[in-house]
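What follows is a short report on a single structure.
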Amino acid sequence: MMESGIINILVDISLMTLLGITAIGIVRSRNLFATAMLSGIYSLISAAVFVTLDAVDVAFTEAAVGAGISTVLMLGAMTLTRRSEKHAIKLHIGPLFVTIGIGAALIYGTVDMPPFGSTDAPGFQHIVPEYIAGSRDDIQVPNIVTSILASYRGFDTLGETAVIFAAGIGVLFLLGRRREDEEADESSNSGKGEDA
Amino acid sequence: MEMIIDLASWAFILAGVFFIFTGTLGMLRLPDFYTRLHAAGITDTLGTELLLIAMMLQAGWSIVTVKLLMISLFIFFTSPTATHALANAANAVGLRPFGVPEADLRPKTTEKA
Amino acid sequence: MRHILGLGASLAAFWMLLSGSISLDNKLVLGFGIASVVLTLFLAIRMDRLDGFPVHIRLSPKLIQYWIWLAKEIGKANIDVAKIVLSPNMKISPRMVRVKASQQTDVGIATFANSITLTPGTVSVDIDDDEILVHAITEDMATGLIESDMDERVTAMELKYR
Amino acid sequence: MMFAAAAAGLIIPMLMALARGLIGPTLYDRVLAGNSFGTKTVLLIAVLGFIGGRPDFLDIALLYALMNFIGTIAILKFFRYRNLGVADSADIRNGADGKNGGAV
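Residue numbers (our numbering), protein chains in the order written: chain U, 1 to 196; chain R, 1001 to 1113; chain E, 2001 to 2162; chain P, 3001 to 3104.
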């Protein structure tokens, strides 16, 4: 088990490095399509990070929303604008210091946090053991993630559920075919939209 | 018996990682988009399947193996579709392939639209 | 009708696989499973009507034989392309060639084009009525594809399950 | 141990695919890099499940494989036809500015 801990740390470090490189790429790129594509890649990596943290539900949502819907939304937004940014970003000293300050404060805050994976952490002391012990009898759903998300934390998850539902509808729209009679007037509309 | 399976898994993993690496290296080295498609094909077909077979060997006869089989079948069917869609889209907007003799680019190709 | 029943059965099997629940005593979960199968079936029937060509694929010995042959071809082609990529001076000579597709059905042509793309070194770029435009990474790959009997194999298999 | 090797053998190619996504130069190169990156992420998630001793994570890998495919097709459909709906020949001819979208 010790060995797998070290492996996990190494995997985490490499994934974080990938995240950092992608983020810098997004900031540096002037090409909007590259930005859209890279942010899709960013979601893919961060979902892999969520998996290493055992946050399977978040990874699920990240996959559906981050890599799927938000990329498509960005592409949709791109049709309304030009392909690349006009001005290069200037370096603003003030905001840089503010960001560094906040980042330092946040890192300082993590010093007081219980060690990662510790069973004494408040998060595991409270109600989680009850959830895990009671899930089978209370909800009778074999998948414990489903029972915690959709029942114990039902209201909490309502927003996520709505988003996933919207993602599903979006996929239906993408893959759906229009009927022949709608096709004719639709193509003339899209032609107009392109000139604008 | 367990040792044989472990050895076989090692062999499949190393072979899979080798092909994934080679394919991605090709994506970096090759000169243009169309040739890079071929390199990406190495990753998608042989590399992926070998790695998934290694995982199936480790999982043994269980539901995990069935799921891995689903993933491998899905990638097997979708990756050529995605590759074709990419090549087709690039061709439709007239992206010129590198190093292809002019004689091969007959006008029939571009007039398809 | 047989098509719909087969689809329903495979969907039910898939649901059981993903949910990991085969026990019959949990009525609610089982109900959800049945509901999702029925909903998907309804969507599939509706899409068939809109698309106009339901695709029936049956596992025949011929199909499995073809897959084994294809797997061998994929392996060979992979090693060829890997050699090109790893050699210090990548000897490539890209070509665009047109390959005759003698299949009758859409499914047959799609199978052929997919097989071309699956073997690294050749990618199907465009499909006319009976010709497939193929990008090959070397001249050898292009001539190799034209001379190979992949087309006949797909056609032979296609007639089997049309 | 063997899956650690597999994870390392996946993360390095992921970095290389990311480099291709950053360099471009055409948008098709970027889509290809994104698709290839997605395939590797699917494999990495499956491998991570084995490292952590919880192969249940395969459900997510399966979902990813689906999303990756649908995403790629959606992006291509978008760039080929300039909308996510239906194709017509005028769009194919007019939407042919894709090759200019390259240089970063």
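The beta carbon of each residue, even a glycine, is placed where N, CA and C say it ideally should be. Model, not experiment: these values are computed from the prediction.
Neighbourhood of ARG1029 of chain R in chain P, by CB distance below 9 Å: empty, with the nearest CB roughly 10 Å away.
In this structure ALA77 of chain U is exposed. Its beta-carbon is surrounded by fewer than 16 other beta-carbon atoms within 10 angstroms. With respect to ASP2151 of chain E, VAL2107 of chain E sits apart: the two C-beta atoms are not nearer than 9 Å.
By the neighbour-count criterion, in which a residue is buried when 16 or more other Cβ atoms sit within 10 angstroms of its Cβ, PRO1080 of chain R is buried. Taken in chain order, the unbroken stretches of alpha helix (DSSP H) that lie wholly in the region 65-146 of chain U and span 4 residues or more are 70-80, 93-110, 122-125, 128-138. In chain order, PHE1012 place their CB closer than 6 Å to the CB of ILE1053 of chain R, counting only its own chain and leaving out the 5 sequence neighbours on each side. When DSSP reads this structure, VAL2099 of chain E sits in a beta bridge with E:ILE2132. The beta carbon of THR3039 of chain P lies closer than 7 Å to those of ASN3068 in the same chain, with the five residues before and after it left out. Non-local C-beta neighbours of ILE3060 of chain P in its own chain, meaning closer than 6 Å and more than five positions away in sequence, comprise ILE3045, ordered along the chain.
Distance from the Cα of ALA1040 of chain R is smallest, within the candidate group E:LYS2062, E:LEU2118, E:GLU2139, E:ARG2153, for E:LEU2118. When DSSP reads this structure, ILE2127 of chain E sits in a beta bridge with E:ILE2132.
In the assembly as shown, ILE107 of chain U is an exposed residue. Its beta-carbon has fewer than 16 other beta-carbons within 10 Å. Under a 10 Å Cβ-count criterion, ILE2034 of chain E is classified as exposed, with fewer than 16 other Cβ atoms of the shown protein chains found around its own Cβ.
Secondary structure note for TYR152 of chain U: it is in no alpha helix (DSSP H), with a DSSP letter that is neither H nor E. Residue-level contact check: GLY1099 of chain R does not touch chain P, since none of the beta carbons of chain P fall below 9 Å from its beta carbon. Separation of GLY3049 of chain P and ILE3011 of chain P (C-alpha to C-alpha, rounded to the nearest whole angstrom) is 15 Å. Neighbourhood of GLN140 of chain U in chain E, by CB distance below 8 Å: ASN2026, LEU2028, VAL2029, in chain order. With fewer than three CB-CB distances shorter than 8 Å, the region 130-147 of chain U does not count as touching the region 159-168 of chain U. At a cut-off of 9 Å between C-beta atoms, ASP2126 of chain E counts as an interface residue with respect to chain R. Under the Cβ criterion of 9 Å, SER2115 of chain E is counted among the residues facing chain R. Remark: three or more beta-carbon pairs, one from each stretch, lie closer than 8 Å, so the region 3002-3016 of chain P and the region 1010-1030 of chain R are flagged as touching. In the assembly as shown, GLN1058 of chain R is a buried residue. Its beta-carbon has 16 or more other beta-carbons within 10 Å. Look at ALA166 of chain U: its C-beta is not under 9 Å from any C-beta on chain P. With a threshold of 16 other beta carbon atoms within 10 Å, ASP3029 of chain P meets it and is buried. Straight-line spacing of the CA atoms in ALA23 of chain U and ILE3023 of chain P works out to 15 Å. Residue state for ASN2026 of chain E is assigned as coil, using DSSP reduced to three classes. Taking C-beta atoms as the reference points, LEU3066 of chain P and PHE1074 of chain R count as a pair closer than 9 Å. Per DSSP, VAL1100 of chain R lies in no alpha helix (DSSP H) segment and is marked neither H nor E. With contact defined as three or more Cβ pairs closer than 8 Å, the region 41-50 of chain U and the region 59-68 of chain U are in contact.
Annotation for VAL2097 of chain E: VAL2134, ALA2136, ALA2142, ILE2146 place their beta carbon closer than 7 Å to its own, counting only its chain and skipping 5 residues before and after. In this structure, the beta-carbon distance from LEU3018 of chain P to ALA3033 of chain P falls below 9 Å.
With its beta carbon less than 9 Å from one in chain E, MET1070 of chain R belongs to the interface.
For LEU1025 of chain R, the neighbours in chain E by C-beta distance under 9 Å run, in chain order, VAL2085, LEU2086.
Considering only beta carbons, the part of the region 3019-3050 of chain P lying closer than 8 Å to chain R consists of ALA3019, ARG3020, THR3026, TYR3028, ASP3029, VAL3031, LEU3032, ALA3033, ASN3035, SER3036, THR3039, LYS3040, VAL3042, LEU3043, ALA3046, VAL3047, PHE3050, in chain order.
About 16 Å separates the CB atoms of VAL3031 of chain P and LEU1030 of chain R; that is not less than 8 Å, and the two are not in contact.
ALA2077 of chain E is a Cβ neighbour of GLY2121 of chain E, given a cutoff of 9 Å.
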